[in-house]
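Notes to accompany the following structure.
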Amino acid sequence: MPSIPAFPLALPVVLAALLSGCASAPAPVVVPPAPTAATAPTLAAPPPVEAGFVQPRDCAAMLSAHRLDEFARDGRELLGGPGGRYGGDYLIDETPEELAGGITCIWGDESAPATTITISVAPLGSQTRPTVVADLRAQGLNEQALDDIVRFGQLGDTVSSPAILNVLREDCWISIINARGGETEFDVVVTIADEVASAVYGAD
Numbered sequence: 059m060p061s062i063p064a065f066p067l068a069l070p071v072v073l074a075a076l077l078s079g080c081a082s083a084p085a086p087v088v089v090p091p092a093p094t095a096a097t098a099p100t101l102a103a104p105p106p107v108e109a110g111f112v113q114p115r116d117c118a119a120m121l122s123a124h125r126l127d128e129f130a131r132d133g134r135e136l137l138g139g140p141g142g143r144y145g146g147d148y149l150i151d152e153t154p155e156e157l158a159g160g161i162t163c164i165w166g167d168e169s170a171p172a173t174t175i176t177i178s179v180a181p182l183g184s185q186t187r188p189t190v191v192a193d194l195r196a197q198g199l200n201e202q203a204l205d206d207i208v209r210f211g212q213l214g215d216t217v218s219s220p221a222i223l224n225v226l227r228e229d230c231w232i233s234i235i236n237a238r239g240g241e242t243e244f245d246v247v248v249t250i251a252d253e254v255a256s257a258v259y260g261a262d
């Protein structure tokens, strides 16, 4: 009688050994990820605060110290307007800017009328602005509009025509009259108008 192979008997033993080995293997260790620091939210920068118009009550308040010193070096003193030598009596009648609630200031050498520079600042509103615009247009001044600013002016000449500039914003009217006209003197007028705007809007 042929002998029975031993392979069928050995197979269960091998399987048992394998199963025993699997059962004794350690379970894999799961390492949780390290916590990350919370990211701070990005905050938008606050919008810039726009300075509002403040009507000056004193002539010196509308100009920089540098400009006042320059006037003094040129022999120009404050003749008319608040704080001036003659105050409100320098001119016979009120200026349109004064009638609108503003002030008019006249700097110059009393013995040399050609040195006079008149600077006015007045508040504007929805009721008064259209009238001022119409009056300036009626004077035949050159008109230029840029955004919400309208300028009316004339170059003038060195003989008899003054350099004039009116700058109208929504809430403010700045006017400069330089008794001396011409391109150079008109440039001075433009610079002074910018300085006055910086003063009355609290900028720079």
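Each residue of the sequence shown is one higher than the one before, starting from 59 at the first, in this note's numbering.
Ideal Cβ positions, reconstructed from N, Cα and C, are used throughout, including at glycine.
Remember, predicted model here, so these are calculated numbers, not experimental data.
Query                                                                                                                 : Result
Same chain only: Cβ atoms within 8 Å of R238, ignoring 5 sequence neighbours per side                                 : A172, T173, G214, T216, P220, A221
Residues that G138 bridges to, as DSSP identifies them                                                                : I164
Alpha-carbon to alpha-carbon, G211 and Q197                                                                           : 10 Å
The region 189-209 in contact with the region 131-146 per 3-pair CB rule at 8 Å                                       : no
Cβ-Cβ distance between I207 and V179 below 9 Å                                                                        : no
Close Cβ partners of I183 (< 8 Å) along its chain, the five nearest in sequence each way excluded                     : Just to set this straight, residue 183 is Gly in the shown sequence, not Ile. Contacts found: D229.
Local conformation of L226 per DSSP, three classes                                                                    : strand
Residues of its chain near I234, where Cβ-Cβ distance is below 6 Å and the 5 sequence neighbours each way are ignored : I177, L223, V247, I250, A251
Residue from W231, E156, D147 whose Cα sits closest to the Cα of A255                                                 : W231
Simplified DSSP state of I250, which is helix, strand or coil                                                         : helix
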